[in-house]
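A.B. asks:
In the working numbering, the protein residues as written are 112 to 211.
1) Please work out which residues of its chain come closer than 7 Å, Cβ to Cβ, to residue 165, disregarding the five sequence neighbours upstream and downstream, and give them in chain order.
2) Between residue 132 and residue 117, what straight-line distance do the alpha-carbon atoms span, to the nearest angstrom?
3) Relative to the C-alpha of residue 187, which candidate in 156, 195, 181, 180 has its C-alpha closest?
4) For residue 182 versus residue 149, is the C-beta spacing smaller than 9 Å?
5) Can you tell me which of the three DSSP states residue 162 falls into?
6) Can residue 121 and residue 168 be called in contact, C-beta distance under 9 Å?
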């Protein structure tokens, strides 16, 4: 079954340390809570390749597993797009202008 491209939207996420682990969460200032978990490629959590606080641009969709806790899902095989701090600010500013 093919991916429903209309269910996915671009989301800026970043790596954070939580409880001794590296997790990926949405950058504040978007429609999604910064506390929302993001399921994506584990390569983004590799601090040898990407230091803590690195921002990424994902195509993700909001989902839950059989009525469980909602989370953002991004396919693990997508290319990793690193956002510079300036690019992340520009993305968030564009998102705010485009919001209804």
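Heads up, the beta-carbon is just placed ideally off N, CA and C, and yes, glycines get one too.
C.D. replies: Per the coordinate set shown:
1) 125, 126, 193
2) 32 Å
3) 156
4) yes
5) coil
6) yes
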